[in-house]
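**Student:** Chains as they are written, first to last, in numbering that gives the first Met the number 0: chain A, 0 to 184; chain B, 0 to 184.
Let me begin by handing over the structure; questions about it come next.
Number of protein chains: 2
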Amino acid sequence: MEKEGRISCSSYEIGERADILDTKVRKDLSSFGQFGIAGRGYKIKNLKKKIEEIIGKDSIWKIAVIGVGNLGTALLKYPGFKEECCKIVLAFDSDPQKIGKIIDSVPIYDIESIEREIRKNNLKIGIIATPSEEAQNVVNRLIKSGIKALLNFAPVSLSVPDDIKIIDIDLTARLEALAYYLTHK
Amino acid sequence: MEKEGRISCSSYEIGERADILDTKVRKDLSSFGQFGIAGRGYKIKNLKKKIEEIIGKDSIWKIAVIGVGNLGTALLKYPGFKEECCKIVLAFDSDPQKIGKIIDSVPIYDIESIEREIRKNNLKIGIIATPSEEAQNVVNRLIKSGIKALLNFAPVSLSVPDDIKIIDIDLTARLEALAYYLTHK
Ligand SMILES: NC(=O)c1ccc[n+]([C@@H]2O[C@H](COP(=O)([O-])OP(=O)(O)OC[C@H]3O[C@@H](n4cnc5c(N)ncnc54)[C@H](O)[C@@H]3O)[C@@H](O)[C@H]2O)c1
Ligand SMILES: NC(=O)c1ccc[n+]([C@@H]2O[C@H](COP(=O)([O-])OP(=O)(O)OC[C@H]3O[C@@H](n4cnc5c(N)ncnc54)[C@H](O)[C@@H]3O)[C@@H](O)[C@H]2O)c1
């Protein structure tokens, strides 16, 4: 929104962009203190600064990608990550043809060294881009190495302990939402 | 949930899995008639049948993917689509080395033939997997061809008319949510 030259916005607009209810936006933001003006929304510059404080923007989170196939390669090249909170620093694969390569300055390690490399670099976030049948085993090894949060692309439901946060990227649900919109237009 | 052998579930559990508020689940489902039991949730078998009716499961939505690079290729091979509501039937690219190829039985056409092929196959849903700088131009051509709903992967904000539904897959927002979770654990 800032790039569009706007000065202020409402919780409704924030919710709309982030695909969450405006009541949830107001609830979440209000737990960090009062910085919106009732009825007139939030000053975008203040909001951006406040959000950066909240998610600890000053610290960049280092991330590992597991599985460097079509999707994993697209993730290593994704420009969207470079300026934000997070940076992909390591990748792992089981294919000897890929191990030892470097994509967009990210080295690809052998999956067998995952415990050592994750601990050495003190990583907390992992992205799963392996085939579904490998995903649970890979997640178990990541959690043993100290990973606390996961972004999962494999179309499989993964079981993790309660203190581990996992977000599934479920394309089928998104497409069904589009189909629902078209059926009820 | 059905695959896990469950018989019933609550709106809270549905919301949890789909990453939306349970109040929104109850509100959305109740607008299709009464089929939950107050206090005891929904019978999963009834719910599944009801949802299939709602999104018009009997009709499979045909989809076009624009941009067959790393991400586009992963989408053509994605097993998650095959059994559900939607099926990728066409792909488009501007690279002569890719045009005319077939990936997982999906033919890749020249982007220049996009209007003719989209109209001929009466497609309504498109997936954008091109570089950001190409996305707006591609979207304009898709809308001219009759596309009504879009799933956008390019990290750019696209402008579309009000009657067009667009869902952005914003990985940065997902990673910030994981970073937020870790900062406030
Ligand atoms: N949710 C989505 O948006 C979406 C979209 C497309 C694909 N996918 C899913 O993402 C995953 C990857 O898709 P793809 O097209 O890149 O597949 P791919 O076959 O091209 O890549 C998989 C990679 O994982 C590696 N691998 C296999 N076992 C491994 C292990 N134990 N440890 C480390 N690496 C291992 C392979 O060597 C390969 O490089 C699949 O599960 C697919 O279903 C999800
Ligand atoms: N949101 C996400 O989850 C996510 C993840 C990774 C990548 N991305 C984004 O997805 C897009 C694709 O990423 P990638 O790694 O596959 O890139 P890529 O460069 O590998 O693929 C791009 C493809 O688009 C084709 N193309 C270029 N201009 C075109 C046009 N006018 N019409 C049709 N095809 C055209 C190219 O020939 C190429 O095959 C990028 O915008 C990237 O930033 C998003």
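Every residue, glycine too, gets a C-beta built ideally from N, C-alpha and C.
Three or more beta-carbon pairs under 8 angstroms between the segment 129 to 136 of chain B and the segment 125 to 143 of chain A, yes or no?
**Tutor:** The segment 129 to 136 of chain B, when compared against the segment 125 to 143 of chain A, does not touch it at the 8 angstroms Cβ threshold.
**Student:** Cβ of A/Leu122 within 8 angstroms of Cβ of B/Leu177?
**Tutor:** Not closer than 8 angstroms, so no.
**Student:** Do you know how far the Cα of A/Pro78 is from the Cα of A/Gly99?
**Tutor:** In a straight line, the C-alpha of A/Gly99 is about 23 angstroms away from that of A/Pro78.
**Student:** Which of the three DSSP states, helix, strand or coil, is assigned to B/Gly125?
**Tutor:** Three-state result, B/Gly125: strand.
**Student:** Which bits of chain B does A/Ala176 rub up against, with CB to CB less than 7 angstroms?
**Tutor:** Under the 7 angstroms cutoff, chain B gives Ile166.
**Student:** Between which residues of its own chain and B/Ile124 is the CB-CB distance below 6 angstroms, once the five residues before and five after are set aside?
**Tutor:** These residues qualify, in order along the chain: Trp60, Ile62, Ala148.
**Student:** So which residues on chain B does A/Lys147 lean against when the C-beta distance must stay under 7 angstroms?
**Tutor:** Simply Leu181.
**Student:** Does DSSP classify A/Gly40 as helix, strand or coil?
**Tutor:** Reduced to three states, the DSSP call for A/Gly40 is strand.
**Student:** Between B/Ile113 and B/Val67, is the Cβ-Cβ spacing less than 8 angstroms?
**Tutor:** Contact flag unset, no.
**Student:** Distance check for B/Pro130 and B/Ala153, CA to CA, integer angstroms please.
**Tutor:** Whole-angstrom Cα-Cα distance: 6 angstroms.
**Student:** Could you list which residues in chain B have their beta carbon closer than 9 angstroms to that of A/Leu141, in chain order?
**Tutor:** What A/Leu141 touches in chain B: nothing, since even the nearest Cβ is about 13 angstroms away.
**Student:** Does any residue of chain B have a CB that is nearer than 8 angstroms to the CB of A/Asn188?
**Tutor:** No answer is possible for residue 188 of chain A: the residues shown for chain A start at 0 and end at 184.
**Student:** Which whole-angstrom value is the C-beta distance of A/Leu74 and A/Val64, which I expect to be below 8 angstroms?
**Tutor:** Indeed, because the Cβ distance is near 5 angstroms, the residues count as touching under 8 angstroms.
**Student:** Counting only Cβ pairs nearer than 7 angstroms, list the residues of chain B close to A/Thr72.
**Tutor:** Asn69, listed in chain order.
**Student:** Note down the Cα distance separating B/Ala90 from A/Lys97, rounded to an integer number of angstroms.
**Tutor:** Whole-angstrom Cα-Cα distance: 27 angstroms.
**Student:** For the alpha helix (DSSP H) that contains A/Leu74, what are its first and last residues?
**Tutor:** 69 to 75 is the span of the alpha helix (DSSP H), which, as asked, contains A/Leu74.
**Student:** Got a sec? Which residues, its chain only, sit under 7 angstroms from B/Asn120 by beta carbon, not counting five neighbours each side?
**Tutor:** Around B/Asn120: Lys61, Val88, Leu89.
**Student:** When the cut-off is 8 angstroms and only beta carbons count, does A/Ile101 lie next to chain D?
**Tutor:** You won't find chain D in this structure, because its protein chains are A and B.
**Student:** Kindly give me the distance between the Cβ atoms of A/Asp103 and A/Lys76, rounded to whole angstroms, as I take these residues to be in contact under 8 angstroms.
**Tutor:** The Cβ separation is near 5 angstroms, so the contact holds.
**Student:** Using the beta-carbon count (16 or more within 10 Å), is A/Ile101 buried or exposed?
**Tutor:** Its Cβ having fewer than 16 others within 10 Å, A/Ile101 is exposed.
**Student:** Helix, strand or coil: how does DSSP classify A/Val137 here?
**Tutor:** A/Val137 falls in the helix class under three-state DSSP.
**Student:** Find the residues of chain B that neighbour A/Arg173, judging by a C-beta separation of less than 8 angstroms, and give them in chain order.
**Tutor:** Leu150, Ile166, Ile168, listed in chain order.
**Student:** Tell me whether A/Leu75 counts as near ligand 1, meaning its Cβ is closer than 7 angstroms to at least one heavy atom of that ligand.
**Tutor:** No, ligand 1 has no heavy atom inside 7 angstroms of this Cβ.
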